[in-house]
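Terminal number for the sequence shown in the numbering used here: 155, no gaps in between.
Beta carbons: idealized from backbone N, C-alpha and C, even for Gly.
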Amino acid sequence: MTKPKQIVMHCPCGNAKVLAKGLCSTCYTLKRQDEEYFGGHREEVLKRDDYRCRVPGCTTVKRGKRSVAVHHREAGNSDPAKMLTLCLPCHAKVTRTFYVQNDWPEFLRVLWREQHPEGHEQSALSFATVAPQAKNVLLFKEMGDRPSARRARQR
Numbered sequence: 001m002t003k004p005k006q007i008v009m010h011c012p013c014g015n016a017k018v019l020a021k022g023l024c025s026t027c028y029t030l031k032r033q034d035e036e037y038f039g040g041h042r043e044e045v046l047k048r049d050d051y052r053c054r055v056p057g058c059t060t061v062k063r064g065k066r067s068v069a070v071h072h073r074e075a076g077n078s079d080p081a082k083m084l085t086l087c088l089p090c091h092a093k094v095t096r097t098f099y100v101q102n103d104w105p106e107f108l109r110v111l112w113r114e115q116h117p118e119g120h121e122q123s124a125l126s127f128a129t130v131a132p133q134a135k136n137v138l139l140f141k142e143m144g145d146r147p148s149a150r151r152a153r154q155r
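See the structure below:
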């Protein structure tokens, strides 16, 4: 006789659509990524940081597993002491930005420098025109070659 199985009706997050292992697609993906990229410590880091961005003065009010990112201070090092929680805008600044703005908190600048040790910092973007301005180019050689002039001649 086989043991009876308990069927999961909902994901622990409350989603009624269960994909695999009793989890919805989002929670399943987060669990897989946790094991693969964070050594199983993602949830631990999120709980330690109370699901909030660790950048001092950050005003992002979103909280929860899906609205924050766990940032590796050393690439590939999944030691919880070397990871911290950042909101998605701060994480994008640290990982995807090529310059440091003056209004960034100092802590965000430190994280950016860790991520881009050889990167060039600049405090402002130059909007000066580098390329020469466009020149007016005639589309027709003479006024008589214009389609409207041809139509007038044909009447």
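* Residue span of the alpha helix (DSSP H) that contains LEU139, given as start and end -> Where LEU139 is concerned, there is no enclosing alpha helix (DSSP H), given that its DSSP letter is neither H nor E.
* Pairwise C-alpha distance: GLY76 and ASP34 -> 13 Å
* To the nearest angstrom, how far is it from the Cα of ARG109 to the Cα of LYS135? -> 43 Å
* Boundaries (first-last residue) of the beta strand (DSSP E) holding HIS71 -> Counting along the chain, the beta strand (DSSP E) containing HIS71 begins and ends at 68-72.
* Asked: Among GLU36, GLY39, TYR37 and ALA69, which residue has its Cα nearest to the Cα of LEU46?
  -> ALA69
* To do: Under 8 Å by Cβ, that's how I've got PHE107 and VAL61 pegged, so tell me the actual separation to the nearest angstrom.
  => Rounded, the Cβ-Cβ distance is 18 Å, inconsistent with contact.
* If LEU86 and HIS72 are in contact, beta carbons under 8 Å, what's the gap, nearest whole angstrom? -> Not confirmed; about 11 Å, so no contact.
* Asked: Between GLY194 and LEU88, what straight-line distance do the alpha-carbon atoms span, to the nearest angstrom?
  -> Outside the modelled stretch of the chain, which goes from 1 to 155, sits residue 194, for which no answer is possible.
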